[in-house]
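Visitor:
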Amino acid sequence: MTTTRAERPLTPAGVRLRDAASDLFYRHGITAVGVELVAERAGVTKKTLYDRFGSKEGLVVAYLEHRCRRWQEYVEAWLADSPATGVERVVEPFRALAAWMADNDRGCGFANAYAELAGTGHAGLEVIATEKRWVRGLYAGLAAEAGLPEPERVGVRLALLHDGAIVHATAGRHDDAVAEALETARLLVGG
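All residue numbers for the sequence shown refer to the numbering used here, where the first residue is 1242 and numbers rise by one.
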């Protein structure tokens, strides 16, 4: 069986490239950042970038997959450490989101990427859709564990609040957006 570039473990240079791209793409946007800058920031040549990722599109996919993994691991660790139960556990990811946003002040990396990639057929669009499905599934799963009726519907509604809170906290400059979303989520789940 042949392994693809994405399935092979990253070399140290590949990790530096992915990490440099992650910072630059999140801070400045995907289209605003060229491969030259990413390679320079990582301390490697463009040839190394293309050898590892194949193209800028491959690097963007690696950035989005890495961000998705980091976010999911963050929330899962938060939930594992949380003593919250019942409906309070259902809304606990909003607390994780508030803490996450302290270090991620440019909003949702996936929404930002979607704004740049929509309509292009870019492979990163599937990573973005996967992350959004994961958020809905996270809330739906927590709602089901708490015994709430229509957990899938609750998952959709909480995911909408979740994404709306991010937009209002960053683009709307509403410092209490996540806290307000948490209170609204509590009302929604009967807490």
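Yeah, the Cβ is synthetic: ideal placement off N, Cα and C, and Gly gets one too. These figures come from a predicted structure and were not determined experimentally.
With a threshold of 16 other CB atoms inside 10 Å of the CB of residue 1456, please say whether the residue is buried or exposed.
Guide: Nothing about residue 1456 can be reported from this structure: the residues present for the chain run from 1242 to 1432 only.
Visitor: Can you give me the Cβ contacts of residue 1401 inside the same chain, cut-off strictly under 6 Å, excluding the 5 residues immediately before and after it?
Guide: none
Visitor: Under three-state DSSP, which class holds residue 1250?
Guide: coil
Visitor: Give the DSSP-derived three-state secondary structure of residue 1299 in the structure shown.
Guide: Taken through DSSP and simplified to helix, strand or coil, residue 1299 comes out as helix.
Visitor: Consult DSSP for residue 1263 and reduce its assignment to one of helix, strand or coil.
Guide: helix
Visitor: Taking C-beta to C-beta, are residue 1254 and residue 1310 nearer than 8 Å?
Guide: no
Visitor: Report the residue from 1426, 1363, 1407, 1369 whose alpha carbon sits nearest the alpha carbon of residue 1394.
Guide: It is 1426 whose Cα lies nearest to the Cα of residue 1394.
Visitor: Measure the alpha-carbon distance for residue 1335 versus residue 1281 and round it to whole angstroms.
Guide: Residue 1335 and residue 1281: Cα-Cα distance of roughly 37 Å.
Visitor: Just reading off the alpha helix (DSSP H) that residue 1289 is part of, what are its end residues?
Guide: 1287-1294
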